[in-house]
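Notes for the one structure printed next.
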Amino acid sequence: MLALHHVGYLVDNIPLTARSFEARFGYVAESLIITDPVQTAHVQFLRQPEGGNWIELISPIGNESKLSSSLRKGGGLHHLCYEVTDLPTACEKLRDEQMLMICSPVPAAAFPGRNIAWFMGRDRLLVELLESGPGPLSLINMSKKRS
Amino acid sequence: MSILHRLEMIFREVLDDRSLELTEGSSVSNVPNWDSVATVQIVLATESEFGIRFTTDEIAGIKSVSDILQRLKSHGVY
């Protein structure tokens, strides 16, 4: 399985942007603001009540964050994240499809017990792969609740 | 066409600099705009140009043209 889990959106102020997404598009916050020291970012997940995936609002931790330069260039749409059942196989597939692993699988602060890996292609598309697993931010859990 | 010249073509396209002149001494510290994102583009374009695939460890250490030439050599590209 490889399914869109969330779209990453890089912002300066998460609470302000969350309010904007709530007012404009009816999103609801589904997590607290989580600090991820590995990704050097604060993140929060929002979802439309009937939506099948999330928006991840991302804000750099300080000026030394690896995300700060992207934010200085304007921020906004940042990456696509796909949830996968078999992370090593999905990594091999993306490598076969001319994408480069820029961060090997590591535990993700926002998804306890699950690993993430990062890829980039020649078109500069940034992709996060997220191992499927339990928890509130899980496509599998969302699917079970709906069935 | 020499390997260095083929790399120069790649760098010019990735960095959008038609006048860029590459030498074995070119590196991230002396080539304008050669950042981590550019490295990804350069590595993928180099793999495509020479029909090889670098390992993750090989890619992690690329900081200069000399690094790329060494890795190409280890893949049989002289």
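For the protein sequence lines, the chains are E and X, in the order given. For the first sequence, position 76 (counting from the first letter as 1) is numbered 76 according to the numbering used here, and the numbering increases by one without interruption. Every position in the second sequence, counted from 1, becomes a number in the numbering used here once 1000 is added. Glycine residues also receive a C-beta, built at the ideal position from the N, C-alpha and C atoms. As the structure is a computational prediction, the values presented were derived from the model and not from experiment.
Item                                                                                                                                                                                    : Value
Examine chain X for any beta-carbon lying closer than 7 Å to the beta-carbon of residue 44(E), and answer yes or no.                                                                    : no
For a contact defined as C-beta to C-beta under 8 Å, what are the partners of residue 120(E) on chain X?                                                                                : 1037, 1040
Distance check for residue 16(E) and residue 91(E), CA to CA, integer angstroms please.                                                                                                 : 35 Å
With a cut-off of 7 Å, does the C-beta of residue 39(E) fall near any C-beta of chain X?                                                                                                : no
Check each residue of the region 99 to 112 of chain E: if its Cβ is closer than 9 Å to any Cβ of chain X, include it; give the result in chain order.                                   : 99, 100, 101, 102, 104
Where residue 75(E) and residue 9(E) are concerned, what is the direct C-alpha to C-alpha distance, given to the nearest angstrom?                                                      : 7 Å
Using the Cα positions of residue 1056(X) and residue 23(E), report the straight-line distance between them to the nearest angstrom.                                                    : 44 Å
What ranges does the beta strand (DSSP E) occupy inside the region 72 to 107 of chain E, keeping only unbroken runs of at least 3 residues that lie completely in it?                   : 76 to 84
I'd like to confirm the pairing. Which residues does DSSP put opposite residue 9(E) in its beta bridges?                                                                                : 57(E), 77(E)
Please report the Cβ distance between residue 110(E) and residue 36(E), rounded to the nearest whole angstrom; I am assuming they are in contact, meaning their Cβ atoms lie under 8 Å. : 6 Å
Suppose contacts are defined by Cβ-Cβ distances below 7 Å. Is residue 1073(X) in contact with residue 1028(X) by that definition?                                                       : no
Check for me: the beta strand (DSSP E) holding residue 129(E) runs from which residue to which?                                                                                         : 126 to 131
Mind checking if residue 1015(X) is an interface residue toward chain B, Cβ cutoff 7 Å exclusive?                                                                                       : Structure shown: chain B not included; protein chains present are E and X.
Quick one: what does DSSP say residue 67(E) is sitting in, helix, strand or coil?                                                                                                       : coil
Determine which residues of the region 118 to 146 of chain E have a Cβ less than 8 Å from any Cβ of chain X, and write them out in chain order.                                         : 120, 121, 122, 124
Residue 1012(X) to residue 1033(X), Cα distance in whole Å?                                                                                                                             : 11 Å
Restricting to Cα atoms, I'd like to know which of 88(E), 60(E), 81(E), 134(E) is closest to residue 128(E).                                                                            : 81(E)
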